[in-house]
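To keep things clear, I will list the structure first and then write my remarks on it.
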Amino acid sequence: MKEEKIENSNINELKQRINIDGINPISVRFSISELGQKKGRAIGPNDYDLQVILKLSESDYQNLKENYSKNKVNIGDKVYLNKDFIKPWFTNSIKESFFLEDDYYRIRSEVYFPDRFLKSPFTGGFLFFTVDHQVFIYMYTT
């Protein structure tokens, strides 16, 4: 069972969840969801996932994209997403970045591990860039 919170655009709240030091987004949209069983039904902490869209200035976008394309490994061949992954609040360019392969969504562009953005308790995920200066970030706890 997945309990999803409403989409949010509060940059200060996002800064508490991910590392965006040195980047000044023009806008942000994100949603955090609780994964697994409802509270009180399982032993241990609950797990969460976080979906983020950052709209960046051209210079922030180019610097970030250049850093990832030069220094990071494309992990796109490892990313398979369930059909319910795409949310109504995603922008058109984010939605258009996905394509259906068999029973899973895949990503058209290069995909990278989001290490630059990770902040506890998030430990994994991916990110990709769109042509209109947006960065999509997905992170999760384990």
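In terms of the working numbering, the sequence shown has 26 at position 13, counting the first letter as 1, and numbering is strictly consecutive.
We treat Cβ as the ideally placed atom computed from N, Cα and C, and that holds for glycine.
**OP:** Just mark residue 134 as buried or exposed, buried being the case when its beta carbon has 16 or more other beta carbons within 10 Å.
**Re:** Position 121 of the sequence shown, counted from the first residue, corresponds to residue 134. By the 10 Å Cβ count, residue 134 comes out exposed.
Original post:
On the three-state DSSP scale, how would you describe residue 71?
Top reply: Translated into positions along the sequence shown, residue 71 becomes position 58. In this structure, residue 71 counts as helix in the three-state DSSP scheme.
Original post:
Does the beta-carbon distance from residue 32 to residue 130 come in below 8 Å?
Top reply: For the purposes of this step, residue 32 is taken as the residue at position 19 of the sequence shown. For the purposes of this step, residue 130 is taken as the residue at position 117 of the sequence shown. In this structure, residue 130 lies closer than 8 Å to residue 32 by Cβ.
Subject >> residue 107 versus residue 84: straight-line alpha-carbon distance, rounded >> reply: The residue labelled residue 107 in the question sits at position 94 within the sequence shown. The residue labelled residue 84 in the question sits at position 71 within the sequence shown. So the alpha carbons of these two residues sit roughly 23 Å apart.
Original post:
Enumerated in chain order, which unbroken segments of the alpha helix (DSSP H) with a length of 4 residues or greater are wholly contained in the stretch 105 to 140?
Top reply: Secondary structure within the stretch 105 to 140: the alpha helix (DSSP H) runs of 4 or more consecutive residues, fully enclosed, are 105 to 108 (chain order).
Original post:
From residue 144 to residue 110, what does the alpha carbon distance come to, in whole angstroms?
Top reply: Locating residue 144 in the sequence shown gives position 131, where the first residue counts as 1. Locating residue 110 in the sequence shown gives position 97, where the first residue counts as 1. If I take the Cα positions, the gap works out to 10 Å.
**OP:** Could you confirm whether any beta carbon from chain B is found closer than 8 Å to the beta carbon of residue 121?
**Re:** In the structure shown, chain B cannot be found, because there is only a single protein chain.
**OP:** Tell me whether residue 90 sits in a helix, a strand or coil according to DSSP, three-state version.
**Re:** Here residue 90 refers to the residue found at position 77 of the sequence shown. Of the three classes helix, strand and coil, the one that applies to residue 90 here is helix, per DSSP.
Original post:
Opposite residue 27 in the DSSP bridges: which residues?
Top reply: The residue labelled residue 27 in the question sits at position 14 within the sequence shown. Residue pairing by DSSP places residue 27 in no beta bridge whatsoever.
Subject >> Closest Cα partner of residue 141 within the set 66, 60, 116 and 62 >> reply: Position 128 of the sequence shown, counted from the first residue, corresponds to residue 141. Residue 66 is the option with its Cα nearest to residue 141.
Subject >> For residue 138 and residue 102, the rounded distance between their alpha carbons >> reply: Working through the sequence shown from its first residue, we reach residue 102 at position 89. Working through the sequence shown from its first residue, we reach residue 138 at position 125. Approximately 19 Å, taken between the alpha carbons.
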